[in-house]
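Peer 1:
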Amino acid sequence: MIYLIGFNGQWRIGPDSAIHITLARSLAEGQGFSHPTGLENTVTPGLAYLTAATFRLFGVDQFFAINALMLLCAAAVLTLTYWVVKLRFDRPTAVLTVGLLGINETFYRYGYQALTDMPFLLGLMLLLLGYELLHRKDSRPWIGIGLVLLSIGLMAVFRSVVVTVLVAGVLVAICRAAMEPRGKLYAIGAAVTIGALLVIRWFTGGVGRDEDRVVGQFTDTPIADTFRRVFVDNGPALLTENLPEAVFAIDLGTAVSLPIGVALVVIGVALFRIRPLWGLLVGVFVAQWLVFITTERYVLILLPLLALAWWRVGLWAESKLKPSVTRYVLAALLALWFGPNLVRIGTFIVEQRSRPFLTTYDDGRYAALQAVAEELARLAEPGDVLIANHAPQLTYDTRLPVFGPTSLPTFGPPREATVERMRNAERILMVGPVDDNLNERVTQLKLRQVRVLSIVPTPVYDRQPEYKIIEMRIRNIDWEKYRQRRANEQNADPDDPGTP
């Protein structure tokens with residue numbers, strides 16, 4: 044009932060979602076897997092094709108169907124979580140684990156978003172089900188093997204981090220091969236997993252790019268920078284913000300969040316004692332987030348395992364403490380999980396049921412951006428280059444190529460294409476104000492303001508009461524010197540973005 048109350052069929056707009064939806068619209072309208080700014084090369088195709096299918100059936104820009112599919116994915120994840128835990132433990136443990144997961148605000152929220160995370164989690168739970176069936180003597184092995192292969196394919200079309208899951212699978216196979224009599228079977232399993240990885244890499248360009256990023260991280264990045272990212276940037280962010288807030292839905296403060304964040308990692312990895320794959324999944328994903336990037340959204344992948352691990356803390360307390368103390372420990376554990384999450388879910392439902400939806404969603408940001416998109420559509424002409432924050436969303440609303448912080452490269456080989464695009468543009472239009480990141484890129488490209496073409500009042504969004512559409516110009520470039528600089532780029536300081 045709580046999940047049905049929160050459903051409104053509206054698109055919860057966001058930058059990543061907008062990229063996939065724009066690709067879906069191109070597919071549905073017969074323009075192929077293409078994005079106006081070339082971002083089709085940066086995402087896996089699963090969500091775009093799934094959304095395009097709903098657009099063809101129910102009409103372009105009709106989001107009810109894709110939102111319903113996301114909610115069905117969440118329901119399927121809850122079902123598979125129940126099934127996996129019941130197979131390993133018993134029905135009461137399965138019921139309680141599903142209760143903890145289902146009432147988690149992060150899990151609840153992503154059941155209503157057109158993003159790849161929930162379908163990927165569905166694939167991961169299918170993998171865990173297949174893995175569990177392979178451990179049962181009363182089940183047919185081919186069913187478990189089929190589910191594992193199906194899950195790998197499903198995950199691969201939605202997110203390239205399927206590679207991380209396969210890494211955990213290979214580590215499990217290696218451990219079991221070394222420790223158990225049936226080692227050859229596990230060695231074969233490791234070989235099959237590596238083969239699946241190679242097949243995915245062959246057919247999915249996104250996985251190859253991520254592998255290149257991993258190799259570059261450990262071959263081109265100074266070790267000091269890696270340590271700084273792990274211990275200064277990503278580590279504190281993961282343990283004091285992303286992980287605790289994803290689980291408990293509130294900011295507990297650094298003093299409380301840090302030990303709880305560490306505890307969540309420890310109890311998650313400790314699932315290794317129950318099923319090696321479970322603990323290794325927690326370990327490899329935490330390691331990936333520490334080295335590369337961490338956000339609250341990524342923690343969704345581990346929430347079913349963390350829900351089970353949280354309850355097992357209570358079981359451990361029951362075995363170690365007196366009954367009179369255990370009841371209070373259990374009450375505290377459940378209150379910490381259920382209380383804040385229920386409050387945040389209530390707030391989310393109020394937002395979902397508000398009318399008009401866009402004026403309350405994200406404080407009205409996207410209602411304001413729609414006004415900007417209408418003005419851009421009026422002013423822009425073929426051949427213009429547009430620059431703005433929230434570029435993916437504006438690209439969807441305007442059907443024009445809008446470049447932003449992630450799609451406007453200003454260093455390395457892609458910089459040349461950016462400069463040439465600016466040089467060949469009829470006009471360069473920028474939506475201001477811009478954030479520090481985009482402003483730095485504009486400065487590096489030597490763009491200067493010519494005149495303000497229009498001011499767009501946006502009173503619905505108090506933090507930005509108006510936007511300006513500004514005509515920009517790039518200074519003249521000596522192309523001979525520019526090409527010479529590009530030829531000598533390998534000898535330049537990698538920290539110097541350079542000036543053509």
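Count along the sequence shown starting at 1, add 43, and that's the number in the working numbering.
Quick reminder that beta carbons are idealized off the backbone N, C-alpha and C, glycines included.
Just so you know, these numbers come straight off a predicted model, no measurement behind them.
Considering Y371, what are the terminal residues of the beta strand (DSSP E) in which it resides?
Peer 2: Where Y371 is concerned, there is no enclosing beta strand (DSSP E), although the alpha helix (DSSP H) it sits in stretches over 366-396.
Peer 1: Per DSSP, what kind of secondary structure is G304 in: helix, strand or coil?
Peer 2: Residue state, collapsed to three classes: helix.
Peer 1: Relative to the C-alpha of Q507, which candidate in C116, V415, D294 has its C-alpha closest?
Peer 2: For the residues C116, V415, D294, the minimum Cα distance to Q507 belongs to V415.
Peer 1: Should V205 go down as buried or exposed, given a rule of 16 or more other Cβ atoms within 10 Å for buried?
Peer 2: Under this definition V205 is a buried residue.
Peer 1: Do you know how far the Cα of Q492 is from the Cα of V393?
Peer 2: Roughly 42 Å separates the two Cα atoms.
Peer 1: Could you give the first and the last residue of the continuous alpha helix (DSSP H) run that contains P184?
Peer 2: Note, P184: alpha helix (DSSP H), 184-201.
Peer 1: Over what stretch of residues does the alpha helix (DSSP H) that includes M222 continue unbroken?
Peer 2: Residues 205-222.
Peer 1: Determine the closest residue to L281 out of R271, V208, T337, with distance taken between C-alpha atoms.
Peer 2: When each option's Cα is compared against that of L281, the closest is T337.
Peer 1: From which residue to which residue does the alpha helix (DSSP H) around G326 run?
Peer 2: 319-334 is the span of the alpha helix (DSSP H), which, as asked, contains G326.
Peer 1: Could I get the ranges of all uninterrupted alpha helix (DSSP H) runs contained in the stretch 121-181, with 4 residues as the minimum, in chain order?
Peer 2: Runs of the alpha helix (DSSP H) inside the stretch 121-181: 134-145, 148-153, 160-176.
Peer 1: What residue range does the beta strand (DSSP E) around E509 cover?
Peer 2: 509-517 is the span of the beta strand (DSSP E), which, as asked, contains E509.
Peer 1: Taking Y92 as the reference, give the member of R470, F76, P435, A61 with the closest Cα.
Peer 2: For the residues R470, F76, P435, A61, the minimum Cα distance to Y92 belongs to F76.
Peer 1: With distance defined between alpha-carbon atoms, name the residue in S203, E459, G154, Y504 nearest to G407.
Peer 2: Among S203, E459, G154, Y504, the Cα nearest to that of G407 belongs to Y504.
Peer 1: Any contact of the stretch 394-406 with the stretch 442-453, i.e. 3+ C-beta pairs under 8 Å?
Peer 2: No, because fewer than three Cβ pairs between the stretch 394-406 and the stretch 442-453 fall closer than 8 Å, the two stretches do not touch.
Peer 1: At what residue ranges does the stretch 341-365 contain a whole run of the alpha helix (DSSP H), taking only runs of 4 or more?
Peer 2: Counting whole runs of 4 or more residues, the stretch 341-365 contains the alpha helix (DSSP H) stretches 346-363.
Peer 1: Could you name the residues of the same chain whose beta carbon sits closer than 6 Å to that of A292, not counting the 5 residues immediately before and after it, in chain order?
Peer 2: Closer than 6 Å at the Cβ level, and outside the excluded window around A292, lie E148, P383, N384, R387.
Peer 1: Determine the closest residue to D440 out of N467, D59, L47, T65, with distance taken between C-alpha atoms.
Peer 2: Here the closest residue by C-alpha is T65.
Peer 1: Going by CA-CA distance only, name the one from G196, A118, V327 that's closest to T215.
Peer 2: According to the sequence displayed, residue 215 carries Val and not Thr. It is V327 whose Cα lies nearest to the Cα of V215.
Peer 1: For R494, which beta-bridge partners are listed by DSSP?
Peer 2: Its beta-bridge partners are E514.
Peer 1: Just how far apart, CA to CA, sit T97 and N51?
Peer 2: Taking the straight line joining both Cα atoms gives about 17 Å.
Peer 1: Going by the beta-carbon positions, is the gap between Y155 and R316 smaller than 8 Å?
Peer 2: No, the pair does not count as a contact, with Cβ atoms beyond the cut-off.
Peer 1: Going by alpha carbons, who is nearest to L323 out of K489, V356, M473, L348?
Peer 2: Considering only alpha carbons, the answer is L348.
Peer 1: So V451 is in the beta strand (DSSP E); what residue range does that whole segment cover?
Peer 2: Strictly speaking, residue 451 in this sequence is Leu, with Val absent from that position. Run containing L451: none; DSSP gives neither H nor E here.
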